[in-house]
Amino acid sequence: MAVIAYAAVYTALATTGLMLLRSRLESAELDEALRDPAVYLGAVCYAASFCTFLLALRRFEVLTVFPLFTGITYATVAVGAAVLLGETLTPMRVAGLAFVGVGAILLVR
Numbered sequence: 005m006a007v008i009a010y011a012a013v014y015t016a017l018a019t020t021g022l023m024l025l026r027s028r029l030e031s032a033e034l035d036e037a038l039r040d041p042a043v044y045l046g047a048v049c050y051a052a053s054f055c056t057f058l059l060a061l062r063r064f065e066v067l068t069v070f071p072l073f074t075g076i077t078y079a080t081v082a083v084g085a086a087v088l089l090g091e092t093l094t095p096m097r098v099a100g101l102a103f104v105g106v107g108a109i110l111l112v113r
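Under my numbering, read the sequence shown as residues 5 to 113, first letter to last.
(1) What are the start and end residues of each continuous alpha helix (DSSP H) run of 4 or more residues lying completely inside the segment 37-101, in chain order?
(2) If you count every other CB in all the chains shown that lies within 10 Å of the CB of F103, and 16 or more means buried, which is it?
(3) In three-state DSSP terms, what is M5?
(4) Judging by CA-CA distance, which residue of A11, L101, Y78, G46 is the nearest neighbour of S27?
Here is the structure:
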C-alpha cells in the first residue's frame, strides 16, 4: 500500500515541522525566532510535507489522500503537542480525534 508510505512520510514531516515551529515561536519575538535555525528546519519539514502531499495527489484520489493524511496528522500533532509542548489533551479533544479518525476511515473506504 503505497498510499500508507506516503501518509507516513507526510505525517512525520508535517508533525516534526509543526512541533519545531510551535516550540520556537511560542516564547520568542519574531525577529529573534527568525534567527533560530530550528524555525527554518521546521519550515523545511512542513514544506517537504506539502511536496509529499502533492506527489500523493498525482497517484491517488483526493478523497483518499486528504482525509487519510489530515486525520493521521491531527492525531500525531495532538499527541506531540501534549507530550513535547505540554499542551492539554482533554477527553473532549480525544473524542474529537476519534471522530476525525472514524471519518477518515469512512472516506478512504
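All residues carry an ideal CB built from backbone N, CA and C; glycine is no exception.
Once the coordinates are examined:
(1) 41-63, 66-89
(2) Counted from its first residue, the sequence shown places residue 103 at position 99. It is exposed - the Cβ of F103 has fewer than 16 other Cβ atoms within 10 Å.
(3) The residue labelled residue 5 in the question sits at position 1 within the sequence shown. Of the three classes helix, strand and coil, the one that applies to M5 here is coil, per DSSP.
(4) Start at 1 with the first residue of the sequence shown, and residue 27 comes out as number 23. Here the closest residue by C-alpha is G46.
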